[in-house]
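Visitor: So the number in the numbering used here is just where the residue sits in the sequence shown, counting from 1, plus 1327.
We put the CB at the ideal spot given by N, CA and C, even for glycine.
Keep in mind that this is a model prediction, so the values were computed, not measured.
Okay, handing you the structure first.
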Amino acid sequence: MDRLTDEELEVLLGSLESDLVERKQSFSGEVTKTARQAVCAFANDLPGHNKPGVLCIGVNDNGDLSHLEITDGLLRNLADIKTDGNILPMPVLFVERRLFKGVPIAVVTVLPSDSPPVKYQGRIWVRTGPRRSIANQQEERILNEKRRYKDRPFDIFPMPTAKTTDLSRLVFESEYLHSAFSADVLEANGRSYEERLSSCKMIQSPSETTPTVLGVLTLGKTPQDFLPGAYIQFLKIDGLNLEDFVVDEEPMMGSLREVLHRAQEKFDAHNRVSVDVVSEAVHTKHSLYPRAAIFQILYNAVFHRTYESNAPIRFYWFRDRIEITSPGGPYGNVTVENFGQPGITDYRNPNIGSALKIFGFIQSFGRGIAIANVELAKNGNPPIEFNVTTSHVLATIRIAH
């Protein structure tokens, strides 16, 4: 990512009509929303500049400095714009403290998305000149067309053998759309079924209606016909080793939503809960494993795995531990050496992440391991143990003490 030089930043901030910069006096109140709208618009890059957009905090609309104190807390709040789950797919941005005319300001640099349209709370925001607004139907079509000519992540590659009839229109129109878009956008007339599928990246485009990997996984009636490894293999083993007696076994098939709901049901059926009526005045319940922790790791496996592999996610429950194995090693900025370190994230399947957020499985990005370890500690379980290679990630969760 190219960092603007001090001279480039000063020129950009001095241009009051540029559609590549937005100035904010502070970052509080309603500004936290309008700033996110600006980030969404920069990521969509409707004019096709193929240049970063810049959000500056501490600068008035007329270019004068507001002399806002640039604290570490402010910079952290700005960095949360990327991962709080309100902008989907996640924008590529970085946050830094810079000097403008010798005074500190906060600068958020946003790269154009390789996978437009990008939405903020279900609305597609765009910017042309000083105008920032919700995309109209024609602007949305332009963004859909742009996506076809960029380097795309695997999750929006076309699935040549699939057809739109392999997707569930009922799930898309009755469930997915109502979570993906705000009500006022859905009420707008003129968008065909194919245009809506394309806007959600479920097919290539309204004219090229081949479903994408995302479409097959999210809406597919039988996704494993096209992606044989896209399921979770569950085993409950009465012992410590794979060769011990298998109590329960199930390959969890179907769409992403169906697979994860089945995993939740299976976990709840096997996770024993004891009630302590002696040591405390109020009855307390203890389980072998905290549900939230296990599913943070399982959602991560579904989100980050490589779907090119024919291997399933393995969810193996032994007498003393649960092992969750995800095909595909670390991706992008995440390596075997820095895996799990706070603040180091990258996303092999950003659009699958968006679908998991839309269906309510995850709320924010980049925090799953930390949240899981907090929940484990509360329940008396040790921290997660990771075995990470270039071809897989194995997470081991030990039973509560």
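Does the beta-carbon distance from Ile1621 to Ile1640 come in below 8 Å?
Guide: By 1-based counting over the sequence shown, the position of residue 1621 is 294. By 1-based counting over the sequence shown, the position of residue 1640 is 313. For Ile1621 and Ile1640, no; Cβs fall outside 8 Å.
Visitor: Can you check whether the C-beta of Leu1415 is within less than 8 Å of a C-beta belonging to chain C?
Guide: As a matter of chain content, chain C is missing from the structure shown, which is built from one protein chain.
Visitor: Rounded to whole angstroms, what is the Cα-Cα separation between Gly1667 and Tyr1634?
Guide: Looking up residue 1667 in the sequence shown gives position 340. Looking up residue 1634 in the sequence shown gives position 307. Taking the straight line joining both Cα atoms gives about 21 Å.
Visitor: Secondary structure at Pro1578, three-state DSSP: helix, strand or coil?
Guide: Locating residue 1578 in the sequence shown gives position 251, where the first residue counts as 1. Residue state, collapsed to three classes: strand.
Visitor: For Thr1725, collect the residues of the same chain with a Cβ closer than 8 Å to its Cβ; drop the 5 residues on either side in sequence, then sort them by chain order.
Guide: By one-based count along the sequence shown, residue 1725 stands at place 398. Looking at the sequence provided, one finds Arg at residue 1725 rather than Thr. So the qualifying residues of the chain are Asp1647, Arg1648, Asn1708, Pro1709 and Glu1712.
Visitor: Run through the stretch 1547-1596 for me and flag every whole beta strand (DSSP E) of 3 or more residues, listed as ranges in chain order.
Guide: 1559-1565 and 1572-1579
Visitor: Would you mind sorting Thr1398 into buried or exposed? The rule is 16 or more other CB atoms within 10 Å of its CB.
Guide: Taking the sequence shown and counting its residues from 1, the one referred to as residue 1398 is at position 71. By the neighbour-count rule (16 or more Cβ atoms within 10 Å), Thr1398 is not buried but exposed.
Visitor: Note down the Cα distance separating His1597 from Ala1590, rounded to an integer number of angstroms.
Guide: Translated into positions along the sequence shown, residue 1597 becomes position 270. Translated into positions along the sequence shown, residue 1590 becomes position 263. Approximately 11 Å, taken between the alpha carbons.
Visitor: By Cβ distance, which residues of its chain are closer than 6 Å to Val1605, with the 5 residues on each side in sequence left out?
Guide: Translated into the one-based positions of the sequence shown, residue 1605 becomes position 278. With a pLDDT of 45 at Val1605, under the threshold of 50, the modelled position of that residue is not reliable, and no figure is offered here.
Visitor: Identify whether Thr1717 lies in helix, strand or coil by the three-state DSSP scheme.
Guide: Position 390 of the sequence shown, counted from the start, is the residue given in the question as residue 1717. Coil.
Visitor: Name the DSSP beta bridge partners of Phe1642, please?
Guide: The residue given as residue 1642 occupies position 315 in the sequence shown. Its beta-bridge partners are Phe1561 and Ile1651.
Visitor: Can you tell me which of the three DSSP states Glu1423 falls into?
Guide: Residue 1423 sits at position 96 when you count from the first residue of the sequence shown. In the structure shown, Glu1423 sits in a strand (DSSP, three-state: E or B).
Visitor: Are the CB atoms of Arg1518 and Leu1504 within a distance shorter than 8 Å?
Guide: Looking up residue 1504 in the sequence shown gives position 177. Looking up residue 1518 in the sequence shown gives position 191. Not closer than 8 Å, so no.
Visitor: Span of the alpha helix (DSSP H) holding Ser1525?
Guide: To locate residue 1525, count along the sequence shown from 1; it is residue 198. Here the alpha helix (DSSP H) through Ser1525 covers Tyr1520 to Ser1526.
Visitor: Tyr1447 bridges to which residues according to DSSP?
Guide: As a first step, residue 1447 is located in the sequence shown; it is residue number 120 there, counting from the start. Its beta-bridge partners are Ile1414 and Arg1450.
Visitor: Considering only C-alpha positions, which residue in the set Ala1462, Lys1360, Thr1361 and Phe1427 is nearest to Glu1337?
Guide: Numbered from 1 along the sequence shown, position 10 holds the residue referred to as residue 1337. With distances taken between Cα atoms, Glu1337 lies closest to Phe1427.
Visitor: Using the Cβ count rule (16 or more neighbours within 10 Å means buried), how would you classify Asp1571?
Guide: Here residue 1571 refers to the residue found at position 244 when the sequence shown is read from its first residue. The residue is exposed, with fewer than 16 neighbouring Cβ atoms inside 10 Å.
Visitor: Indicate whether the contact test is met: 3 or more Cβ pairs, each with one atom in the stretch 1712-1721 and one in the stretch 1697-1704, closer than 8 Å.
Guide: Two segments are said to touch when three or more pairs of C-beta atoms, one from each, lie closer than 8 Å; by this definition the stretch 1712-1721 does not touch the stretch 1697-1704.
Visitor: Taking the alpha-carbon of Phe1645 as reference, which of Ala1704, Ile1564 and Lys1548 has the nearest alpha-carbon?
Guide: As a position in the sequence shown, residue 1645 is number 318, starting the count at 1. Comparing Cα positions, the closest option is Ile1564.
Visitor: Taking only the alpha-carbon atoms, compute the straight-line gap between Val1543 and Asp1493 and give it to the nearest angstrom.
Guide: Translated into positions along the sequence shown, residue 1543 becomes position 216. Translated into positions along the sequence shown, residue 1493 becomes position 166. So the two alpha carbons sit approximately 8 Å from each other.
Visitor: Going by beta-carbon coordinates alone, are Gln1560 and Phe1642 separated by less than 8 Å?
Guide: Here residue 1560 refers to the residue found at position 233 of the sequence shown. Here residue 1642 refers to the residue found at position 315 of the sequence shown. In this structure, Phe1642 lies closer than 8 Å to Gln1560 by Cβ.
Visitor: On a Cα-Cα basis, can you pick out the residue from Val1573, Asn1568 and Gly1556 that is closest to Leu1562?
Guide: Counted from its first residue, the sequence shown places residue 1562 at position 235. Checking every option, the nearest Cα to that of Leu1562 belongs to Val1573.
Visitor: Count the C-beta pairs between the stretch 1364-1372 and the stretch 1442-1455 that are closer than 8 Å, then say yes if the count reaches three, no if not.
Guide: yes
Visitor: Let me know the secondary structure DSSP gives Ile1711 once reduced to three states.
Guide: Counting from one through the sequence shown, the residue named residue 1711 turns up at place 384. Looking at Ile1711 - three-state DSSP - the assignment turns out to be coil, as it is neither helix nor strand.
Visitor: Let me know if Gln1465 comes out buried or exposed under the rule of 16 or more other beta-carbons within 10 Å of its beta-carbon.
Guide: Translated into positions along the sequence shown, residue 1465 becomes position 138. Classification for Gln1465: exposed.
Visitor: Could you name the residues of the same chain whose beta carbon sits closer than 8 Å to that of Pro1654, not counting the 5 residues immediately before and after it, in chain order?
Guide: By one-based count along the sequence shown, residue 1654 stands at place 327. Closer than 8 Å at the Cβ level, and outside the excluded window around Pro1654, lie Gly1556, Arg1632, Thr1633, Ser1636, Ala1638, Pro1639, Ile1640, Ser1718 and His1719.
Visitor: List the whole-angstrom C-beta distance separating Tyr1626 from Ile1671, where the pair is believed to meet the contact cut-off of C-beta under 8 Å.
Guide: Residue mapping note: residue 1626 aligns to position 299 of the sequence shown, counting from 1. Residue mapping note: residue 1671 aligns to position 344 of the sequence shown, counting from 1. That pair is no contact at about 18 Å.
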